[in-house]
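What follows is a single structure, written as structure tokens, with notes after it.
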Amino acid sequence: KAGVTQTPRYLIKTRGQQVTLSCSPISGHRSVSWYQQTPGQGLQFLFEYFSETQRNKGNFPGRFSGRQFSNSRSEMNVSTLELGDSALYLCASSRDTLAKNIQYFGAGTRLSVL
Amino acid sequence: SQQGEEDPQALSIQEGENATMNCSYKTSINNLQWYRQNSGRGLVHLILIRSNEREKHSGRLRVTLDTSKKSSSLLITASRAADTASYFCATDARLGNYGGSQGNLIFGKGTKLSVKP
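Top to bottom, those sequences are chains A and B.
Just so you know, our numbering puts 113 at position 113 of the first sequence, and the rest follows in order with no gaps.
The number in our numbering is simply the position in the second sequence, starting from 1, with 1000 added.
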């Protein structure tokens, strides 16, 4: 079974631009969660999608948004990029987070904002 | 917000030695999980312990959970150079008094383990 796939692996953007990251979950997993990882703040939860609905949201500004498609693939978008958005963005999929919540992570997208 | 706090932040040992990492958390949980991350890559799930369990084993891993102290420990026995990684605890916080999950894991900041050959 293929794992969680995130694209692209690396991105370089400049302040003010916007970016879209993509995540393909493990086949059969309907929940997709997004996390931001930085050296200072660690791993912080962004949002979770289940069956195309945002089910849970972390404490991030509205510049961070996401969506999930009918095939469970998910995208997250960051608009008006700031230097502080430089981070490793991790996507994780789970069969059912409300039951056991073991999450399977992709390799991440490393975003650098210049 | 961060729930788990790992201790120590960094640990350096020789191959063959045991490594112990601790985690503290703040709220009621459904379960606590440990993940490993190799140098800037994705996290890999290691082990899950439910709130009504006190100890769990998986290969060279031993996890304990003390819900009265809101703490957990991960012991890696007979460590190998390949165990070099960052280790994170993650809590699945309980929603309300009747169980259920808030739906997201809350991660600590991790322990960076270095195993020297």
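For glycine and all other residues, C-beta sits at the position ideal for the given N, C-alpha and C.
Does the distance from the CB of residue i to the CB of residue j come in under 9 Å?
i	j	result
residue 1076/B	residue 1113/B	yes
residue 1070/B	residue 1024/B	yes
residue 1/A	residue 27/A	yes
residue 45/A	residue 1029/B	no
residue 106/A	residue 3/A	yes
residue 1074/B	residue 1020/B	yes
Which same chain residues, not among the five before or five after residue i, have their C-beta less than 7 Å away from its C-beta?
i	result
residue 55/A	48 and 49
residue 1065/B	1032, 1049, 1053, 1054 and 1072
residue 1115/B	1013, 1015, 1079, 1080, 1081, 1083 and 1084
residue 102/A	94
residue 37/A	43, 87, 88 and 90
Does chain B have any CB closer than 9 Å to the CB of residue i?
i	result
residue 102/A	yes
residue 28/A	no
residue 33/A	yes
residue 81/A	no
residue 11/A	no
residue 56/A	yes
residue 21/A	no
Less than 8 Å between the CB of residue i and some heavy atom of the ligand PLP, yes or no?
i	result
residue 82/A	Of the ligands one can find in the structure shown there are none, so the ligand PLP has no counterpart to examine.
Strictly below 9 Å CB to CB, what residues from chain A border residue i?
i	result
residue 1032/B	Here the premise fails: no neighbours, minimum Cβ distance about 11 Å.
residue 1045/B	102, 103, 104 and 105
Which chain A residues are close to residue i, counting only those with a beta carbon under 7 Å from its beta carbon?
i	result
residue 1092/B	101
Name, please, each residue of chain B whose Cβ falls closer than 7 Å to the Cβ of residue i.
i	result
residue 2/A	The premise fails here: residue 2/A is roughly 14 Å from chain B at the closest Cβ pair, so nothing lies under 7 Å.
residue 62/A	Within 7 Å Cβ-Cβ: nothing; residue 62/A doesn't reach chain B, min ~18 Å.
residue 69/A	The contacting residues do not exist; residue 69/A stays about 19 Å from chain B at best.
residue 88/A	1040
Does chain A have any CB closer than 9 Å to the CB of residue i?
i	result
residue 1118/B	As shown, chain B starts at 1001 and ends at 1117. That puts residue 1118/B outside it, with no answer to give.
residue 1001/B	Summary for residue 1001/B: the model assigns pLDDT 42, below 50, so the residue's position carries little reliability; its value from the coordinates is reported in the next sentence. At least one chain A Cβ lies under 9 Å of residue 1001/B.
residue 1063/B	no
residue 1059/B	no
residue 1109/B	yes
Interface residues of chain A around residue i at Cβ under 8 Å?
i	result
residue 1041/B	107 and 108
Once you ignore the five residues that flank residue i on each side, which residues in its own chain have a CB closer than 6 Å to its CB?
i	result
residue 24/A	5 and 73
residue 83/A	113
Going along chain B, which residues have a C-beta under 9 Å from residue i?
i	result
residue 42/A	1002, 1088, 1107, 1108, 1109 and 1110
Please go through the same chain and pick out, in chain order, the residues whose beta-carbon is closer than 8 Å to the beta-carbon of residue i, but skip the five residues on each side of it.
i	result
residue 1001/B	Residue confidence for residue 1001/B is low, a pLDDT of 42 falling below 50, so the modelled location carries little weight and cannot support an answer.
Item to check | Meets three-Cβ-pair contact criterion under 8 Å: the stretch 69–82 of chain A and the stretch 1002–1019 of chain B | outcome: no
Next on the checklist: Tell me whether the stretch 1048–1057 of chain B and the stretch 11–26 of chain A touch, counting them as touching only if at least three CB pairs, one residue from each stretch, are closer than 8 Å.
Outcome noted: no
Next on the checklist: Below 8 Å, how does it come out for the stretch 31–41 of chain A and the stretch 82–96 of chain A: are there three or more Cβ pairs, yes or no?
Outcome noted: yes
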